[in-house]
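There are 2 protein chains.
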Amino acid sequence: MPGRFFTTAEHDQRIAAVRSRMAKAGLDLLVVCDPANIDWLTGYRGWSFYTPQAVLLHQAQDGPLWVGREMDAPAARLTTDLPAAAVIPYPDGYVQSPDRHPADFLAETIRSRGWQAGRIGLEMDGYYFSPRACDILRTALPDARFADSDQLVNWARIVKSPAELSLMRQAALITERVVEAAIAGIAPGIRQCDLVADIYHAQMTGTADFGGDFTAICPLLPTGRGTGTPHLTWTDDPFASGEATIMELAAARRHYHCPMARTVHLGPPPQRLADTAQVVAEGLNAALEAARPGATCAEVEAAWAAVIRRHGLVKESRIGYAVGLNYPPDWGEHTASLRPGDHTVLQENMCFHCIPGIWGDGWGVEISETFVVTAAGGERLCNVSQELVVKS
Amino acid sequence: MPGRFFTTAEHDQRIAAVRSRMAKAGLDLLVVCDPANIDWLTGYRGWSFYTPQAVLLHQAQDGPLWVGREMDAPAARLTTDLPAAAVIPYPDGYVQSPDRHPADFLAETIRSRGWQAGRIGLEMDGYYFSPRACDILRTALPDARFADSDQLVNWARIVKSPAELSLMRQAALITERVVEAAIAGIAPGIRQCDLVADIYHAQMTGTADFGGDFTAICPLLPTGRGTGTPHLTWTDDPFASGEATIMELAAARRHYHCPMARTVHLGPPPQRLADTAQVVAEGLNAALEAARPGATCAEVEAAWAAVIRRHGLVKESRIGYAVGLNYPPDWGEHTASLRPGDHTVLQENMCFHCIPGIWGDGWGVEISETFVVTAAGGERLCNVSQELVVKS
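Protein sequences appear in the order of chains A and B.
Our numbering applies: residue 3 is where the first sequence begins, and numbers increase by one.
Our numbering applies: residue 3 is where the second sequence begins, and numbers increase by one.
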């Protein structure tokens, strides 16, 4: 049975935390479409986010209301403890139709509660709330004052509870197995797709005590000239001797993610690659060391930058981001980034994926860690050697 | 090497087809953010769609321009044959930043080409073009006239080329193996996550001749009371004797999908389930029989509905949708649906997933086929028994 993953008390705390942020932002109503935010607030799960769905959270009235496709309403009843009246299905004719849109139904639901003249927060930069839906709400609710919720719920998720940390640690145990399987399996002549098969297998079987979930990003493994860019996926070509492969992998436990990148070379590596891998690991560990409560994200990046500068390297892109509960297409939380100018102050039990990739023309290195912020610095969730992996 | 999957001539034909639709819609410029549409037009691939990226296609000037994150530009060079000047990267500081947005950069790119006063089509109901991005374009390009492109490229994709059909057929060969592995593996006491491990493994290893890709929807396998709703994913609970499981699975070959659903019962099935499965298969085959060039989507649905009505069943939701090239979160193309009121006329070599699920309170049946429209009716791409699978 699907069942609940967290206690009702924990969901109640989360709802209270979000309402407190809503009060500060002056919001009467929040329209939540991000599947991770919906899950975090209510426990709702299922691969139903490809059709519009929302949780409506009013500042003062009712609890959260789930609005979604009729065939998914039983999933809301099975995975949440929302009362029956808080599960509000729309008929299937709204789905991908030229005549009507689920946002029409959503507007009608808001109106039926008398919430149409409030200040309404919308997830204006989410994947699962479209410009068409937004325009429909604006037209259908002319008395509302709309605001960009600016990742309000995402920010409420940034410090993990003990129950969440326990899932992060379980994910990390699976990630160790996934990365070990990938490193054990890669060899000249092995088809990329066959290695990916083993990676997925390890992600799902997990451990004898618990299994894994789908991850929000698929296994990434650029190889050869492809290592100059991070987001290529696999083909069915074989891995080749004399080439590097970057593996950015993860495991997810109940949708909590622990990502990890490692770099492998088949055969003796070029000096540049070996040297760069050493600098990346040194810089990564300097960043972890700096990741203490009270430090800012920018200061963590600066600790990395000081190391690589000493070695004559530069990197323009951010070196990490908050991570945790997520759904495709991204396991990042879209809140704090480890980069210059991000003055987010670290707090104990925030989790980040620090992934300081260095990419050149047709080559690159990624060595990363997912860590939790502790008084002693960023605590790595996995224990896997950070060295460049060299296989013959 | 990543390389190209289709000939330049085929991409040129696609671009010409889209420009012809743009002319009918009166569009000077199309902003394409859907990763499947980007892939179809240019060949660009990679799991980079979690940050904003776009292909700009002008009616008369230049070829398609790729605009995306700097670290992904090498992937554009590796997977497309766009000229160097047509790959336009934005700096990493635009990513998930409170100060600036990739849409600012996109607007600047449009302005730099002198396209800011044209009629510009936007994918207003896509996953990868946000309301915030849309508002930024509206503000930054006040002289433009914006239009909802209404799935313009998706509609151009609906009839498959011979090269595309060949990938659909390869995907189907993998799907057969995936479904067979799932049916072979399910048994009382087996953890759901372990069966999913085998499913993913089969999806990726494919055949000796070609491997598989990630699918746009993860394996769906509601079990027990969960079979009353279609989009639940797995847990690590074991499958139980006396319970049904619905498997909606797929395989993807170079991102072309062949989905298939089957229903399994562990132990002697309840009569209601066995009877319903028989009716669903009969109705499904009636729909396939009706899927000839010249028939409408509504007529295909009517053929199904006539069968189940005779058996005293009704179904409110659509029974299928166009399918092909896609990226998460949906393998459907968001164009034609097999349902009453959809008067899309079928043409040879359109592909659909016909999935007439019947769900009751805590139980359900799904038996589906992916088919290609031919003069002899819908040709099933897979050859797997449609019967309710009963295992002891």
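Where is the CB? At the ideal position from N, CA and C, for every residue including glycine.
From a predicted model like this one, the values you see are computed outputs, not experimental measurements.
query	result
Does any residue of chain A have a CB that is nearer than 8 Å to the CB of PHE212 (chain B)?	yes
Going by alpha carbons, who is nearest to ILE369 (chain A) out of A:LYS393, A:HIS203, A:VAL386?	A:VAL386
Under 8 Å by Cβ, that's how I've got SER132 (chain A) and ASP127 (chain B) pegged, so tell me the actual separation to the nearest angstrom.	5 Å
Excluding the 5 residues flanking ARG341 (chain B) on each side, which residues of the same chain have their C-beta closer than 6 Å to its C-beta?	GLU303, ARG320
Kindly list, in the order they appear in chain A, the residues whose Cβ is closer than 9 Å to that of ALA293 (chain B).	The premise fails here: ALA293 (chain B) is roughly 19 Å from chain A at the closest Cβ pair, so nothing lies under 9 Å.
Mapping the DSSP letters down to three states, classify MET170 (chain B) as helix, strand or coil.	helix
Apart from the five residues on each side of it in sequence, which residues of its chain come closer than 6 Å, Cβ to Cβ, to THR229 (chain B)?	ALA246, ILE248, TRP365, GLY366
Could you check the C-alpha separation between SER2 (chain A) and THR9 (chain A) for me, to the nearest Å?	Examination of residue 2 (chain A) is not possible in this model, given that chain A is present from 3 through 394 alone.
Can you list, in chain order, the residues of its chain whose CB lies under 6 Å from that of PRO91 (chain A), leaving out five sequence neighbours each side?	GLU72, ALA75
Taking beta-carbon pairs under 9 Å, can you tell me which members of the region 343 to 354 of chain B lie near chain A?	GLY343, ASP344
Considering only residues of the same chain and omitting the five flanking positions on each side of ARG21 (chain B), which have a CB-CB separation below 8 Å?	LEU59, GLN61
Can you give me, in chain order, the residues of the region 234 to 250 of chain A that have a beta carbon less than 8 Å from any beta carbon in chain B?	LEU234, THR235, TRP236, THR237, ASP238, ASP239
Using a C-beta to C-beta distance shorter than 8 Å, which residues of chain B count as neighbours of ALA219 (chain A)?	Checking the sequence, you will find Ile at residue 219 (chain A) rather than Ala. Neighbours of ILE219 (chain A) on chain B, chain order: TRP49, TYR52.
In three-state terms, what does DSSP make of ARG255 (chain A)?	strand
Unbroken beta strand (DSSP E) runs of length 3 or more, entirely within the region 184 to 243 of chain B: which are they?	none
So ARG193 (chain A) contacts chain B; which residues on that side make the cut at Cβ distance below 7 Å?	GLY213
Which bits of chain B does TRP117 (chain A) rub up against, with CB to CB less than 8 Å?	What TRP117 (chain A) touches in chain B: nothing, since even the nearest Cβ is about 19 Å away.
Taking the beta carbon of SER339 (chain A) as the centre, do at least 16 other beta carbons fall within 10 Å, making it buried, or is it exposed?	buried
Please go through the same chain and pick out, in chain order, the residues whose beta-carbon is closer than 7 Å to the beta-carbon of ASP215 (chain A), but skip the five residues on each side of it.	ALA254, ARG255, ARG256, HIS257
Looking only at C-alpha atoms, which of B:MET352, B:VAL34, B:ALA204, B:HIS103 sits nearest to SER151 (chain B)?	B:VAL34
Which residue spans inside the region 28 to 93 of chain B form an unbroken beta strand (DSSP E) run of at least 3?	31 to 34, 56 to 60, 67 to 71, 89 to 92
Name the chain B residues whose beta carbon is nearer than 7 Å to that of TRP361 (chain A)?	MET73
Does ARG159 (chain A) come out as helix, strand or coil in the three-state DSSP assignment?	coil
How would you label ARG147 (chain A), buried or exposed, when you count the other beta carbons within 10 angstroms and need 16 or more for buried?	exposed
Out of curiosity, what's the CA-to-CA distance linking ALA77 (chain B) and ASP14 (chain B)?	20 Å
Using a Cβ-Cβ cut-off of 8 Å, state whether ARG227 (chain A) counts as contacting chain B.	yes
Is it the case that the Cβ atoms of ALA263 (chain B) and ILE357 (chain B) are separated by a distance below 8 Å?	yes
For GLN388 (chain B), decide whether its Cβ has a neighbour in chain A, counting only Cβ atoms nearer than 8 Å.	no
Which same chain residues end up closer than 6 Å to SER243 (chain A) when comparing Cβ atoms and leaving out the 5 residues on each side of it in sequence?	PRO190, LEU268, GLY269
8 Å is my cut-off, CB to CB: does PHE131 (chain A) come that close to chain B?	yes
With a 10 Å radius around its C-beta and 16 neighbouring C-beta atoms as the bar for buried, classify GLN349 (chain A) as buried or exposed.	exposed
Using a Cβ-Cβ cut-off of 6 Å (strictly less than) and excluding sequence neighbours within five positions of THR237 (chain A), which residues of its own chain qualify?	GLN194
Since I believe VAL266 (chain A) is in contact with VAL391 (chain A) (beta carbons under 8 Å), could you give me their beta-carbon distance rounded to a whole number of angstroms?	4 Å
Using three-state DSSP, classify TYR96 (chain B) as helix, strand or coil.	helix
What would DSSP say about GLY380 (chain B), mapped onto helix, strand or coil?	strand
Hey, could you find the ends of the alpha helix (DSSP H) ARG311 (chain B) is sitting in?	299 to 312
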